[in-house]
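Input: a single structure, listed below in structure tokens.
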Amino acid sequence: MLEQLARLGYASKAVIYAIVGSLAIAAAAGRGGRVTDTSGALRVMLGSPAGRIMLLILALGLCGYALWRALDAIRDPDRHGTSFKGLVKRIGNGGRAVIYGALGIEALRLFQGMGGSKPGEAQMWTARLMAVPLGAWLVGIGGLIVAGYGVSQIIAGFRRGYSDTLDLSSVAPRLRKAAEVISSFGIGARGLIITVLGGFLVRAALQRDPSEAQGTRDSMLQIADMANGIWILGFVGAGLLAYAFDQALHARYRRIKRVV
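In terms of my numbering, the numbers along the sequence shown are unbroken and rise by one, the last being 286.
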């Protein structure tokens, strides 16, 4: 049952990132799209035909994915171990559990008509953290960790190739190669956004200004305001579509070991 929920979670992520990427491409092309984030994608889903039912399915998938990631971090079926590298991977899985669990709860709240997250939450939480002793240091360290993870994803995108987490033995070699290229592009593009997010957190810490902290949507808007930003926004949107493809591949071909 948990394996099926994890696969549904990957499929849910694919749908969400496909919406974000498609809207970014449409905005860059001047065809009525808009820059949004994963929370905004849920609202777009709510306004579509059968949107509430789709939200319920997404909520189930995301919460199931979060549960699987949490158990994965605790029970360590992939045997990452307790080395520094292993602990980093396990902590990363725990972080994914928190992030996508929160997104799943937001989808459930929207399904129930209770409303979701509000704009400016990144600044609000940053301000709360900065209010505690050494809070600015914590924000800065957190920003460096986020940016470092983003850079690692960009590097992973350039290196290409799948690890043994996917079983693509049933896929024709030529199609497998094409899938690797598309997925690598998606991983790298998402890494770029994560790196920008981390940079905003570091800047907020250095300037002692919580308003400098930005979410995914604001980060993409900053990209759009750069020189040739519309082209870069379209590139990032295409990358997020490619990342959606990667998550769809994981929904189908991910090797998922028993955690309970």
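A virtual CB, placed ideally from N, CA and C, is assigned to each residue, including glycine.
Pairwise C-alpha distance: residue j and residue i
| i | j | result |
| --- | --- | --- |
| GLY56 | VAL177 | 30 Å |
| GLY66 | PHE137 | 14 Å |
| GLY174 | PHE110 | 15 Å |
| VAL197 | ALA277 | 15 Å |
| GLY35 | LEU72 | 18 Å |
| GLY107 | ILE171 | 21 Å |
| ASN254 | GLY121 | 34 Å |
| ARG101 | ALA250 | 42 Å |
| ALA182 | ARG216 | 11 Å |
| ARG234 | VAL70 | 34 Å |
| PRO75 | GLY112 | 44 Å |
| GLY169 | ASP244 | 16 Å |
| LEU266 | SER210 | 11 Å |
| GLY59 | ALA268 | 18 Å |
| LEU68 | LEU194 | 31 Å |
| ILE256 | LYS283 | 42 Å |
| LEU28 | LEU232 | 43 Å |
| ILE79 | ARG135 | 13 Å |
| LEU275 | ARG154 | 38 Å |
| PRO199 | GLN273 | 19 Å |
C-beta contact flag for residue i and residue j at 8 Å
| i | j | result |
| --- | --- | --- |
| ILE213 | PHE271 | no |
| THR191 | ARG105 | no |
| ALA239 | GLN179 | no |
| LEU247 | VAL61 | yes |
| VAL41 | LEU84 | yes |
| GLY130 | VAL228 | no |
| MET156 | PRO236 | yes |
| GLY87 | ALA44 | no |
| ALA32 | GLY90 | yes |
| ILE219 | THR242 | yes |
Unbroken alpha helix (DSSP H) run spanning residue i, endpoints
| i | result |
| --- | --- |
| GLY107 | Note, GLY107: premise wrong, no alpha helix (DSSP H); not H, not E. |
| MET246 | 242-250 |
The stretch 48-63 contacting the stretch 88-95, beta-carbon criterion three pairs below 8 Å: no
Would you call the stretch 120-133 in contact with the stretch 155-167, where contact means no fewer than 3 C-beta pairs closer than 8 Å? no
Do the stretch 197-207 and the stretch 257-267 meet, that is, are 3 or more Cβ pairs less than 8 Å apart? no
Can you list the alpha helix (DSSP H) stretches of 4 or more residues lying completely in the stretch 39-78, in chain order? 64-72
Extract the residue ranges of the alpha helix (DSSP H) inside the stretch 250-282, only unbroken runs of 4 or more that lie entirely within it. 255-279
Can you list, in chain order, the stretches of the alpha helix (DSSP H) that have 4 or more residues and sit fully within the stretch 163-240? 199-233
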